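Chemist: Shown below is the structure under consideration.
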Amino acid sequence: MQGPFASKHTHHLLLFTKYPAPGFAKTRLIPVKGPDGAALISNQLTQKTLQTVARFQQHDPNAQTIIHYATHEVLPISKIEEWIQPRERQSLCLQRNGDLGARLIAAFENSFKRGAMKVVVIGSDAPDLTESILLNSFALLDEADVVVGPAVDGGYYLLGLRQMNRKLFTSIPWSTSTVFRDTMAAAESSDLSTKMLPKLRDIDTPEDLQYLTA
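According to my numbering, the sequence shown holds residues 891 to 1104 in order.
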């Protein structure tokens, strides 16, 4: 399912994830889980997120999901398809080079150029994410320019836009406890209205593992 996706779907859900290669995925968990264990947890989180996304799409026939994946090396698309097993209205896209901000800009701009009216990005490491939260994120974009799902660690697990604004992704200190705060400051300085979603926990560090359930 790689390639152009239908522009008739005006709700785009972007899922950012990493191929679960040992030593590449969830590296902050390696000290306690080892490379293989960290990769296994990464894959479990991705698969759980994909299940949530599938349930969300059942309730929103106007939604297209684009899975933006990163790999540790060049892999054949068949390997990615075997891992993700994309469903109807789902497509695959290799993340571009650069920091997270550059990759997010590229993903959002690509979706808006293809006719999306609302674009929401999520990661794959918030196991408490639900289809209801995803549905609500798109609904709230009728009321606000920006929808954000704050994470307990000071980042965010979801960001939704109804118009592109690069300021939300530039000069942000990624992977720090001020990502959410700095993103909100960028939205305010751009006179963008915002709506908040429930705060959730990302699984990133050994301390987070106590909150991970099967």
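All C-beta atoms, glycine included, are put in the ideal place defined by N, C-alpha and C. Because the structure is a prediction, the values reported are computed rather than measured.
From this set, His899, Ala960, Thr917, which residue's C-alpha is nearest Asn987's C-alpha?
Modeler: Taking the sequence shown and counting its residues from 1, one reaches residue 987 at position 97. It is Ala960 whose Cα lies nearest to the Cα of Asn987.
Chemist: Under three-state DSSP, which class holds Thr1066?
Modeler: Residue 1066 sits at position 176 when you count from the first residue of the sequence shown. Coil.
Chemist: Do you know offhand how far Asp1081's Cα is from Leu1051's?
Modeler: As a first step, residue 1081 must be located in the sequence shown, where it is residue number 191. As a first step, residue 1051 must be located in the sequence shown, where it is residue number 161. Cα-Cα distance, rounded: 13 Å.
Chemist: Quick test of the definition: if touching needs 3 or more C-beta pairs under 8 Å, does the segment 935 to 955 touch the segment 1039 to 1046?
Modeler: The segment 935 to 955, when compared against the segment 1039 to 1046, does not touch it at the 8 Å Cβ threshold.
Chemist: Sorted by chain position, which residues of the same chain lie with C-beta nearer than 8 Å to Pro921's C-beta, five sequence neighbours on each side aside?
Modeler: Your numbering for residue 921 matches position 31 in the sequence shown. Cβ neighbours of Pro921 beyond the five flanking positions: Pro1096.
Chemist: Let me check one thing: in DSSP terms, what residues is Gln954 bridge-paired to?
Modeler: Mapped onto the sequence shown, residue 954 falls at position 64. Looking at the DSSP assignment, Gln954 forms a beta bridge with His902.
Chemist: By a C-beta neighbour count over all protein chains shown, 10 Å radius and 16 as the cutoff for buried, is Val964 buried or exposed?
Modeler: Working through the sequence shown from its first residue, we reach residue 964 at position 74. Val964 comes out exposed.
Chemist: Throw me the rounded Cβ distance for the Val1038 and Met1086 pair, which I believe falls under 8 Å.
Modeler: By one-based count along the sequence shown, residue 1038 stands at place 148. By one-based count along the sequence shown, residue 1086 stands at place 196. 6 Å between Cβ atoms; contact.
Chemist: Let me know the secondary structure DSSP gives Tyr1101 once reduced to three states.
Modeler: Stepping through the sequence shown from its first residue, residue 1101 is reached at position 211. In this structure, Tyr1101 counts as helix in the three-state DSSP scheme.
Chemist: Tell me which residues share the same chain as Leu1117 and place their Cβ nearer than 7 Å to its Cβ, disregarding the 5 neighbours each side in the sequence.
Modeler: The first residue shown for the chain is 891 and the last is 1104, placing residue 1117 beyond what the model contains.
Chemist: At the level of alpha carbons, what is the spacing between Leu1099 and Ile931?
Modeler: Residue mapping note: residue 1099 aligns to position 209 of the sequence shown, counting from 1. Residue mapping note: residue 931 aligns to position 41 of the sequence shown, counting from 1. Roughly 10 Å between the two C-alpha positions.
Chemist: Quick one: what does DSSP say Ala911 is sitting in, helix, strand or coil?
Modeler: Here residue 911 refers to the residue found at position 21 of the sequence shown. Ala911 falls in the coil class under three-state DSSP.
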